[in-house]
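**Q**
Number of protein chains: 2
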Amino acid sequence: MCTPMKKTSTTVAQSDQVVKDPVQLVFTYPKVPLTVDCVIFGFEENKLKVLLIKSDLEIFKGQYSLLGDIVQDNEDLNEAAYRVLKQRTGMSDVFLEQVKVFGTPGRHPGGRVVTIAYCSLLNINHHELKIHDNDLDWYSVNAIKEMAFDHKQIVDECHAWLQKRIQEHPLGFNLLPEKFSLRELQNLYEAISGVSLDRRNFRKKFASMDLLIDINEMEQDVPHRPGKLYKFNFEKYAKSKRKWVGIDF
Amino acid sequence: MCTPMKKTSTTVAQSDQVVKDPVQLVFTYPKVPLTVDCVIFGFEENKLKVLLIKSDLEIFKGQYSLLGDIVQDNEDLNEAAYRVLKQRTGMSDVFLEQVKVFGTPGRHPGGRVVTIAYCSLLNINHHELKIHDNDLDWYSVNAIKEMAFDHKQIVDECHAWLQKRIQEHPLGFNLLPEKFSLRELQNLYEAISGVSLDRRNFRKKFASMDLLIDINEMEQDVPHRPGKLYKFNFEKYAKSKRKWVGIDF
DNA sequence: CCAAAAGTGTTGATATTACACCCATGT
DNA sequence: ACATGGGTGTAATATCAACACTTTTGG
Numbered sequence: 001m002c003t004p005m006k007k008t009s010t011t012v013a014q015s016d017q018v019v020k021d022p023v024q025l026v027f028t029y030p031k032v033p034l035t036v037d038c039v040i041f042g043f044e045e046n047k048l049k050v051l052l053i054k055s056d057l058e059i060f061k062g063q064y065s066l067l068g069d070i071v072q073d074n075e076d077l078n079e080a081a082y083r084v085l086k087q088r089t090g091m092s093d094v095f096l097e098q099v100k101v102f103g104t105p106g107r108h109p110g111g112r113v114v115t116i117a118y119c120s121l122l123n124i125n126h127h128e129l130k131i132h133d134n135d136l137d138w139y140s141v142n143a144i145k146e147m148a149f150d151h152k153q154i155v156d157e158c159h160a161w162l163q164k165r166i167q168e169h170p171l172g173f174n175l176l177p178e179k180f181s182l183r184e185l186q187n188l189y190e191a192i193s194g195v196s197l198d199r200r201n202f203r204k205k206f207a208s209m210d211l212l213i214d215i216n217e218m219e220q221d222v223p224h225r226p227g228k229l230y231k232f233n234f235e236k237y238a239k240s241k242r243k244w245v246g247i248d249f
Numbered sequence: 250m251c252t253p254m255k256k257t258s259t260t261v262a263q264s265d266q267v268v269k270d271p272v273q274l275v276f277t278y279p280k281v282p283l284t285v286d287c288v289i290f291g292f293e294e295n296k297l298k299v300l301l302i303k304s305d306l307e308i309f310k311g312q313y314s315l316l317g318d319i320v321q322d323n324e325d326l327n328e329a330a331y332r333v334l335k336q337r338t339g340m341s342d343v344f345l346e347q348v349k350v351f352g353t354p355g356r357h358p359g360g361r362v363v364t365i366a367y368c369s370l371l372n373i374n375h376h377e378l379k380i381h382d383n384d385l386d387w388y389s390v391n392a393i394k395e396m397a398f399d400h401k402q403i404v405d406e407c408h409a410w411l412q413k414r415i416q417e418h419p420l421g422f423n424l425l426p427e428k429f430s431l432r433e434l435q436n437l438y439e440a441i442s443g444v445s446l447d448r449r450n451f452r453k454k455f456a457s458m459d460l461l462i463d464i465n466e467m468e469q470d471v472p473h474r475p476g477k478l479y480k481f482n483f484e485k486y487a488k489s490k491r492k493w494v495g496i497d498f
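Protein chains in written order, with the numbering used here: chain H, 1 to 249; chain A, 250 to 498.
1) Give the list of continuous beta strand (DSSP E) stretches no shorter than 3 residues that lie fully inside the stretch 359 to 427 of chain A.
2) Just checking my contact of Q266(A) with D56(H) at CB under 8 Å: how many whole Å lie between their CB atoms?
3) Tell me whether N187(H) sits in a helix, a strand or coil according to DSSP, three-state version.
4) Does L77(H) get closer than 8 Å to chain A when you measure Cβ to Cβ?
5) Does K256(A) have its Cβ less than 8 Å from a Cβ in chain H?
6) Is L300(A) helix, strand or coil when you go by DSSP?
7) Which residues bound the beta strand (DSSP E) around Y230(H)?
8) How big is the Cα-Cα spacing for C38(H) and L425(A)?
9) Hey, does Q17(H) have any beta-carbon neighbour from chain A nearer than 8 Å?
10) Here's the rule I'm using: 16 or more other beta-carbon atoms within 10 Å means buried, otherwise exposed. How should R200(H) be labelled?
11) So I116(H) contacts chain A; which residues on that side make the cut at Cβ distance below 7 Å?
12) Helix or strand or just coil, what does DSSP make of S341(A)?
13) Consider the Cβ of E235(H): report whether some Cβ of chain A lies at a distance smaller than 8 Å.
14) Between the alpha carbons of V390(A) and T104(H), how many angstroms are there, rounded?
15) Using a Cβ-Cβ distance cut-off of 8 Å, determine whether G111(H) contacts chain A.
16) Quick one: Cα of R474(A) to Cα of L297(A), how far?
17) Can you find a C-beta in chain A that's less than 8 Å from the C-beta of N74(H)?
18) Going along the chain, which residues of the stretch 279 to 301 of chain A sit with their C-beta nearer than 9 Å to a C-beta in chain H?
19) Does the distance from the C-beta atom of G110(H) to that of P279(A) stay below 8 Å?
20) Taking only the alpha-carbon atoms, compute the straight-line gap between D135(H) and S181(H) and give it to the nearest angstrom.
21) To the nearest angstrom, report how far apart K214(H) and P419(A) are at their CA atoms.
22) With DSSP as the reference, identify every bridge partner of K100(H), one or two as the case may be.
23) Could you check what DSSP says for V333(A) in three-state terms: helix, strand or coil?
24) Would you please state the rounded distance, in angstroms, between the beta carbons of I441(A) and Q412(A)? I believe it to be under 8 Å.
25) Just tell me which of F232(H), F234(H) and L122(H) has its CA closest to the CA of M91(H).
26) Going by alpha carbons, who is nearest to L471(A) out of R432(A), K485(A) and F292(A)?
27) Taking the Cβ atom as the reference point for each residue, do R107(H) and F60(H) lie within a distance shorter than 8 Å?
28) Which residues of chain A have a Cβ atom closer than 7 Å to the Cβ of L229(H), listed in chain order?
29) DSSP three-state call for P279(A): helix, strand or coil?
30) So what's V471(A) in DSSP terms, helix, strand or just coil?
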């Protein structure tokens, strides 16, 4: 603990006593360092990638870690995650969601550090990495073997989270260019979920959802018959309520 | 910040410098009080209930709060949640899962406190509350209007989480007696999801899943035709893999 | 003309919904 | 006898999975 503290009572509040000064109460609480780690997924060359950087801890020499930072005093947790995202990628208008907290004692060699994992998805081509210090770059999710801290586990859990989430929400569109072909969309789904899908059924599915806008443009410079390009109808999606029925296990 | 600290650099690690002493590094991190709050759901009188206690903070006089406690030094987060559950209810063999972190500055009147919400489900009849100090008791989720801190929001998010989760996993069985009738099971699903279901279809659904064991017993002392009693086949469920297909939004 | 991917429909199987009557029990 | 909820089946519909050929472009 970093401050001298009077431990006047057990930490469980006593039942017959009213606490008049909450500040005093909180002052007695143990405190832990809190960080956020951003699992920033991107999509490139038909592969799901994640933004990693070489760890600057000697103990993890040669290993990669997620982009993380301390949660500042009085900084909102989401804000901290958005700040990291902004600092590291320059992007701000992307999806970002809290996934899970990791706080096993011993997960950080410097002592207890609790970290909140955030997941975000961004379009690799929309943002050219300005700096490649410490090998900051996109790495294929499938190729990751070992990471610093418990970051492999965090990536795995975020990947599982994403696989599930993308079934229910069209998150994937944040990973694609504004205009995309159905093939690109399918490649994305296949890359994230790791299974291959029937092309006709996939197209039918999206056609029936009526969330794609045909912009009457075609792919250019492809060495085969060019496909139509679409935009995602974010507006329409925002209005549609998620259906919610069925018991399914 | 609670300790004098040399701010020798920004908190973002410098790119060309190797950190040799992680302990030293972590020592410079700001620290926050961390708590767990347990949203303990139960089912009684065909209503979804949650275990609440009157807040012992004067500022929240008359309002209810969740069962929470500090995360101790070097205590695993899950363990902290299980400890709270055990301390407050005496139960240990129940489902418990991390749902979300709440850390908006200002959510606690005593200063910044970050809390991790855990959700657990238990059978009210399996555990008689030993103590009712501070009005510790089960309260109907639907009847909750106002709570201390941001606990109403936490309950709402956990309820939404549960509604979603129960579609995919048979969590509900933790809320029921070991032997239950199909009517009780359906009441549970209706209470959690807030919609009413067709009885025949509901029964058909569960019959087709083949996860219920007919124990050849009947309800007793009901003022109508007694229903058959079942047990849940946990073993079979554990073996069955969750299917996972479909894009559905 | 060849390679590569685009585009397109049908069918069978399965799952979902909606819906009504008789039965067993306690009062 | 009656009130209460238990127990049951079917038909219409929607969804899902499997599957093959023609078209367009670039090289």
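Where a beta carbon is used, it is the ideal one built from N, C-alpha and C, also for glycine.
Here the structure is a predicted model, which means the values were calculated and not measured.
**A** The short version:
1) Runs of the beta strand (DSSP E) inside the stretch 359 to 427 of chain A: 363 to 370 and 386 to 389.
2) Rounded, the Cβ-Cβ distance is 7 Å, consistent with contact.
3) DSSP, read as helix, strand or coil, puts N187(H) in helix.
4) Closer than 8 Å: yes.
5) Residue confidence for K256(A) is low, a pLDDT of 41 falling below 50, so the modelled location carries little weight; the figure read from the coordinates is stated next. No, K256(A) does not count as interfacial toward chain H.
6) Residue state for L300(A) is assigned as strand, using DSSP reduced to three classes.
7) K228 to F232 is the extent of the beta strand (DSSP E) around Y230(H).
8) C38(H) and L425(A) have their C-alpha atoms some 39 Å from each other.
9) Judged by the 8 Å Cβ criterion, Q17(H) is in contact with chain A.
10) With fewer than 16 other Cβ atoms within 10 Å, it is exposed.
11) V350, listed in chain order.
12) The answer is coil: DSSP assigns S341(A) none of H, G, I, E or B.
13) At least 8 Å separates the CB of E235(H) from every CB of chain A.
14) Roughly 32 Å separates the two Cα atoms.
15) Between G111(H) and chain A, the shortest Cβ-Cβ separation is below 8 Å.
16) If I take the Cα positions, the gap works out to 25 Å.
17) It does; some Cβ of chain A falls within 8 Å.
18) If the cut-off is 9 Å between Cβ atoms, the stretch 279 to 301 of chain A has P279, K280, V281, P282, L283 and T284 near chain H.
19) At the C-beta level, G110(H) and P279(A) stay beyond 8 Å of one another.
20) Each residue's CA atom was taken as its position, placing D135(H) and S181(H) some 32 Å apart.
21) Here residue 214(H) is Asp; the residue named in the question, Lys, does not match the sequence. A direct Cα-Cα distance of roughly 42 Å separates D214(H) from P419(A).
22) BP columns for K100(H) point to A117(H).
23) Residue state for V333(A) is assigned as helix, using DSSP reduced to three classes.
24) Rounded to whole angstroms, the Cβ separation of I441(A) and Q412(A) is 6 Å, and the two are in contact under 8 Å.
25) Its Cα nearest to that of M91(H), the residue L122(H) stands out among F232(H), F234(H) and L122(H).
26) Note on residue identity: the sequence assigns Val, not Leu, to residue 471(A). Closest option to V471(A), Cα to Cα, is R432(A).
27) Cβ distance not < 8 Å, so R107(H) and F60(H) don't count as in contact.
28) The contacting residues do not exist; L229(H) stays about 20 Å from chain A at best.
29) Residue state, collapsed to three classes: coil.
30) DSSP places V471(A) in coil when its eight states are reduced to three.
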